[in-house]
Amino acid sequence: MAELKPITDSDLVEISGQGGVYLSGEIAINKDGGPLWSATPGQLDDFGNEKVVRNCGTAAEPEECGLRFAVKLNSNSEGWYVLDDLSGGFSFEGLTLRTENRPTAIDYDYTTDGGQTYTPTEVAFDKEVVVIGLPGTVGFNNFKFTYAVANNGEWGQSPDGGVTPFVQTDLYGIRLDGDITLQGNLLLYPVN
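Given below as structure tokens:
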């Protein structure tokens, strides 16, 4: 076994090698579950508004609610994008990160007729790109979420009816349990 020793800057300049990162991990979201939403119709909050009953199971078979993540793109936006009931987990092994020089790249904005027809064309590039090597297999363990949109309303409604109530519209839900296979690389190109 070789002995470890410090390398001076002048010696390090003479060394050439490849670098990269190999990642493995497991991500669990809301592993122990959130609160049981036990509000019943007619129950009031501290402000006198009726508590909203969130749909997490039934009274006979209650379930923990998953995480809710909402994003508003700007202050003038009329609503929110929502990931609701996000829970479960996934694991992967072998996600790699490295850089490499690419002498050419495909230009998808290339046109020969003034912008009417776009023809992918190989062009000189000669820059470093980030290469993300996909991990092969990703395992999902009861991973689920609902994608929704919501308005800028508020929970409950004021007695005078002047407050717009909060309304969320579920668009679709996803539940994954098992393995999926990912092959290949993702390339991240620098832009000016």
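The opening position of the sequence shown corresponds to residue 2 in our numbering, with each subsequent residue numbered one higher. For each residue, glycine too, the CB sits at the ideal point set by N, CA and C. Keep in mind it's a predicted model, so treat the numbers as computed, not measured.
Beta-carbon proximity of Leu183 to Pro136, cut-off 8 Å: By 1-based counting over the sequence shown, the position of residue 183 is 182. By 1-based counting over the sequence shown, the position of residue 136 is 135. Their beta carbons are under 8 Å apart, which means Leu183 touches Pro136 by this criterion.
Range of the contiguous alpha helix (DSSP H) that encloses Val14: Position 13 of the sequence shown, counted from the start, is the residue given in the question as residue 14. Element bounds for Val14: 10-14.
Proximity to Asp85 [Cα-Cα], best of Leu189, Gly185, Ser25, Asn31: For the purposes of this step, residue 85 is taken as residue 84 along the sequence shown, with counting starting at 1. Selected option, being the one with the closest Cα: Asn31.
Under the three-state reduction of DSSP, which class applies to Pro136: helix, strand or coil? Position 135 of the sequence shown, counting from 1, holds the residue named residue 136. If DSSP states are grouped into helix, strand and coil, Pro136 belongs with coil.
I'd like to check one pair, Arg103 with Gly20: are the Cβ atoms closer than 8 Å? As a first step, residue 20 is located in the sequence shown; it is residue number 19 there, counting from the start. As a first step, residue 103 is located in the sequence shown; it is residue number 102 there, counting from the start. No, Cβ-Cβ distance for Gly20 and Arg103 is not below 8 Å.
Take the Cβ of Val168 as the centre, count every other Cβ of all protein chains shown within 10 Å, and call the residue buried at 16 or more, exposed below. Numbered from 1 along the sequence shown, position 167 holds the residue referred to as residue 168. Counting Cβ neighbours within 10 Å, Val168 comes out exposed, since fewer than 16 surround it.
Which one of Ala106, Thr122, Ile107 has the shortest CA to CA distance from Thr113? The count along the sequence shown starts at 1 and reaches residue 113 at position 112. Minimum Cα distance to Thr113 is reached at Thr122.
For Val124, which residues of its own chain have a beta-carbon under 7 Å away from its beta-carbon, when the five flanking residues on both sides are left out? As a first step, residue 124 is located in the sequence shown; it is residue number 123 there, counting from the start. Contacts found: Thr105, Ala106, Asp108.
Which residues DSSP lists as bridging Ser25, in chain order: For the purposes of this step, residue 25 is taken as residue 24 along the sequence shown, with counting starting at 1. Partner(s): Glu94.
Please state whether DSSP places Thr120 in a helix, a strand or coil. Counting from 1 along the sequence shown, the entry for residue 120 is found at position 119. Of the three classes helix, strand and coil, the one that applies to Thr120 here is coil, per DSSP.
Pick out whichever of Thr147, Gly49, Asp178, Thr118 has its Cα sitting closest to the Cα of Leu68. Here residue 68 corresponds to residue number 67 of the sequence shown, with the count starting at 1. Of the candidates Thr147, Gly49, Asp178, Thr118, the one whose C-alpha sits nearest the C-alpha of Leu68 is Thr147.
Out of curiosity, what's the CA-to-CA distance linking Tyr190 and Glu129? One-based indexing of the sequence shown puts residue 190 at position 189. One-based indexing of the sequence shown puts residue 129 at position 128. Using only the alpha carbons, I get a separation of about 8 Å.
To which residues does DSSP link Asp128 through a beta bridge? As a working note, residue 128 is residue 127 in the sequence shown. One detail in the question is off: residue 128 reads as Lys in this sequence, not Asp. DSSP lists Arg103 as partners of Lys128.
Note down the Cα distance separating Gly194 from Tyr23, rounded to an integer number of angstroms. Since the displayed the chain opens at 2 and closes at 193, residue 194 lies outside it and no answer follows.
Buried or exposed by the 16-neighbour rule on C-beta atoms within 10 Å, applied to Phe70: Position 69 of the sequence shown, counted from the start, is the residue given in the question as residue 70. With fewer than 16 other Cβ atoms within 10 Å, it is exposed.
In the DSSP assignment, what are the bridge partners of Asn142? Residue numbering aside, residue 142 sits at position 141 when the sequence shown is read from its first letter. In the DSSP output, where bridge partners are listed per residue, Asn142 has Gly90.
In whole angstroms, give me the CA-to-CA distance for Thr97 and Asp171. The residue labelled residue 97 in the question sits at position 96 within the sequence shown. The residue labelled residue 171 in the question sits at position 170 within the sequence shown. Looking at the two C-alpha atoms, the distance is approximately 35 Å.
Span of the beta strand (DSSP E) holding Phe167? Numbered from its first residue, the sequence shown carries residue 167 at position 166. First-last for Phe167: undefined, no H or E at that position.
To the nearest whole angstrom, what separates the beta carbons of Leu177 and Phe141, a pair I think is in contact under 8 Å? Within the sequence shown, the letter at position 176 stands for residue 177. Within the sequence shown, the letter at position 140 stands for residue 141. So it is a contact: roughly 4 Å between Cβ atoms.
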